[in-house]
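Counting in the working numbering, the sequence shown runs from 2 upward without gaps.
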Amino acid sequence: MAGVTSLRMILAVLLGVDATNSALWAARIASAAAAHDAVVLGMVALRVAVTALQAVAAWLLVRRAPPAFALARAAFAGSAVLLVLELGARLAPSSIAPGLRYRYLAAYVLYSLACIRAVGWLERREQSA
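Listed below in structure tokens is the structure:
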């Protein structure tokens with residue numbers, strides 16, 4: 002059972018770190034909002050919504066609340082989809098070198114899929130216990 006608790010905390014920390022990183026990115030873009038078009042500001046608004054979802058999911062995982070699993074899956078998936086739009090479709094500014102964008106994107110999508118799988122495993126383990 003210690004492994005289940007550890008995995009729950011690891012997932013909560015990953016969501017928290019990602020939410021913090023996303024909030025800092027959104028704040029940096031929003032500070033220069035006048036220099037960006039509506040598409041970029043729309044992406045920032047979506048990122049802020051996903052950031053809030055990540056923070057809530059992290060907190061609910063720590064508190065062992067039942068909706069934590071569904072929200073965590075949605076947060077990991079939503080963040081990956083947004084990153085595909087931000088980096089892959091270049092709908093938002095990025096400091097990542099153009100030659101590294103697709104590698105970074107692939108790594109993040111794989112990370113998100115692994116986390117979604119871990120959330121599913123954790124949910125099954127806790128339901129069977």
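Glycine included, C-beta positions come from ideal geometry on N, C-alpha and C.
7 Å CB neighbourhood of residue i in its chain, flanking five on each side removed
i, result
"residue 106", "84, 85, 88 and 89"
"residue 8", "119 and 123"
"residue 34", "42"
"residue 109", "81 and 84"
"residue 73", "12, 16, 58, 62 and 120"
Span separating the alpha-carbon of residue i from that of residue j
i, j, result
"residue 44", "residue 93", "7 Å"
"residue 30", "residue 96", "12 Å"
"residue 24", "residue 127", "31 Å"
"residue 104", "residue 98", "10 Å"
"residue 102", "residue 58", "27 Å"
"residue 19", "residue 5", "21 Å"
Whole-Å CB distance - residue i paired with residue j, under 8 Å assumed
i, j, result
"residue 47", "residue 116", "Actually they do not touch by this definition, with Cβ atoms about 19 Å apart."
Residues near residue i in its chain [Cβ-Cβ closer than 8 Å; skip 5 each side]
i, result
"residue 63", "9, 10 and 13"
Note to self: Below 8 Å, how does it come out for the segment 20-29 and the segment 63-75: are there three or more Cβ pairs, yes or no?
What the structure shows: no
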